[in-house]
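Count along the sequence shown from 1, add 343, and you get the number used in the numbering used here.
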Amino acid sequence: MKQFVILLTCLILSCTSNTDKETKTLIVNSFKTPCTGVAPMSCLQVKESPEDSQWTNFYNQIEGFDYEPGFLYTIEVSVENIPEDQIVADASSLKYTLINVINKVLDKRLSINDIWVLETIEGKPVTKTFERLPYLEVLLSSNKYLGNDGCNNFNGNLEVIEEELIVFGSHVSAEIACSNQELSFKFVENLRKANKYKTEKGILTLFKGSNVLLTFKKTD
């Protein structure tokens with residue numbers, strides 16, 4: 344009888360434990376981003392499906408996960424509820440543990456993460472047409488872009504940034520008039536039209552479909 348009670352107790356505890364755990368698949372971004380938990384820190388960014396357009400800051404640790412920047416990961420993790428009496432102050436009530444690294448690939452998007460100086464608009468060189476050459480800086484860690492259109496500084500959010508796809512969201516800009524205002528407008532107009540990009544040998548090309556809109560040269 345005593346052995347039966349012990350066995351029954353073990354089965355109950357086992358069932359309780361299993362209901363407190365679940366398995367999830369996470370996609371982990373190739374870089375961390377500044378975030379604020381109890382204090383300022385750097386967070387992993389994750390999403391649960393390739394179709395998700397937005398990354399979510401991940402404030403927990405993943406036990407057993409040896410993260411290396413520059414790579415996109417698909418991982419399988421177990422998620423366990425921590426009993427209330429074992430939760431450390433200000434810590435999460437969930438414990439994440441790595442089960443398996445399903446995939447690890449070099450993030451090709453990082454090739455655009457730089458400062459680029461404008462060379463052509465719709466195939467026409469711009470070197471002698473601007474008093475100040477426009478430039479574009481892409482900041483993947485914050486999902487933003489910024490630069491100067493030849494007249495005014497601007498900054499905005501990236502709506503889409505994938506291996507070959509890019510969409511520049513609306514941006515804010517100063518409105519100081521200058522002699523080459525028309526070309527500045529044309530530069531910004533083409534930037535907003537772009538939906539594809541390619542980087543090769545220090546050159547960034549922005550396209551709409553197969554049409555070349557803008558080309559840039561990487562700064563030293």
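Quick reminder that beta carbons are idealized off the backbone N, C-alpha and C, glycines included.
Examine chain C for any beta-carbon lying closer than 8 Å to the beta-carbon of residue i, and answer yes or no.
i, result
"Q404", "As a matter of chain content, chain C is missing from the structure shown, which is built from one protein chain."
From residue i to residue j, what distance separates their C-alpha atoms?
i, j, result
"N486", "L479", "14 Å"
"V389", "E465", "37 Å"
"K561", "N403", "36 Å"
"L449", "E411", "10 Å"
"L530", "N500", "With the sequence shown as reference, residue 530 is identified as Phe, and Leu is not the correct amino acid for it. So the alpha carbons of these two residues sit roughly 17 Å apart."
"Q397", "V503", "9 Å"
"L526", "K539", "22 Å"
"I445", "E406", "16 Å"
In or out: residue i buried (at least 16 other Cβ within 10 Å) or exposed?
i, result
"G552", "exposed"
"G490", "buried"
"N496", "exposed"
"T368", "exposed"
"L557", "buried"
"D492", "buried"
Is residue i helix, strand or coil when you go by DSSP?
i, result
"Q524", "helix"
"N533", "helix"
List the endpoints of the continuous beta strand (DSSP E) containing residue i.
i, result
"Y410", "Counting along the chain, Y410 falls outside any beta strand (DSSP E), and DSSP gives it neither H nor E."
"E506", "Run containing E506: none; DSSP gives neither H nor E here."
"V371", "364–371"
"I519", "Run containing I519: none; DSSP gives neither H nor E here."
"I546", "546–551"
**Study point:** beta strand (DSSP E) segments (min. 3 residues) lying fully within the segment 435–495
**Key:** 437–449, 458–464, 478–482, 487–491
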